[in-house]
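Scroll down for the structure; my scribbles are underneath it.
In the numbering used here, the protein residues as written are 2 to 110.
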């Protein structure tokens, strides 16, 4: 029974981190809609924001676990990363493309 409680608490912690990320993503989406009058609410876009925010928050939780951060700091970072999810994914994508292009140029010389 102890093992079940341990895994339940661990799973609940990850669900909480994902929830914080999704909440951060929701705030980002709503503030983006409020700033730009041309944008209209779209449930599909909100759903995409939730998936991206939840994914980035989960990856942040794993990174914080690896770095041995405490629970409150991990929660804060998951919320912030969820809020920044779209930008983080874009930045990582752009950086990855630059690395791949540089590698291809070196190989083709």
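Don't be surprised by glycine CBs; every beta carbon is placed ideally from N, CA and C.
- Secondary structure of residue 39, DSSP reduced to three states: When secondary structure is reduced to three states using DSSP, residue 39 falls in the coil class, being assigned neither helix nor strand.
- Query: Can the beta-carbon of residue 54 be found closer than 8 Å to that of residue 25?
  - Reply: Contact flag set, yes.
- Simplified DSSP state of residue 71, which is helix, strand or coil: If DSSP states are grouped into helix, strand and coil, residue 71 belongs with coil.
- Item | Range of the contiguous alpha helix (DSSP H) that encloses residue 92 | Residue 92 -> alpha helix (DSSP H) spans 86 to 109.
- Message: I'd like to know if the segment 40 to 48 and the segment 56 to 71 are in contact, where contact means that at least 3 CB-CB pairs between them fall below 8 Å.
- Response: Because the criterion of three Cβ pairs below 8 Å is not met, the segment 40 to 48 and the segment 56 to 71 do not touch.
- Message: Suppose you measure from the CA of residue 102 to the CA of residue 108; what does that come to, to the nearest Å?
- Response: If you take the alpha carbons of residue 102 and residue 108, they lie about 10 Å apart.
- Message: Please report the distance separating the alpha-carbon of residue 35 from that of residue 23.
- Response: Each residue's Cα considered, the two are about 18 Å apart.
- Message: If I measure Cβ to Cβ from residue 15 and keep anything under 8 Å in the same chain, skipping five residues before and after, which residues do I get?
- Response: For residue 15, where only same-chain residues beyond five positions count, the Cβ hits under 8 Å are 59 and 62.
- Identify which residue in 41, 93, 21 and 40 has its Cα closest to the Cα of residue 81. Taking only the C-alpha atoms, the option nearest residue 81 is 21.
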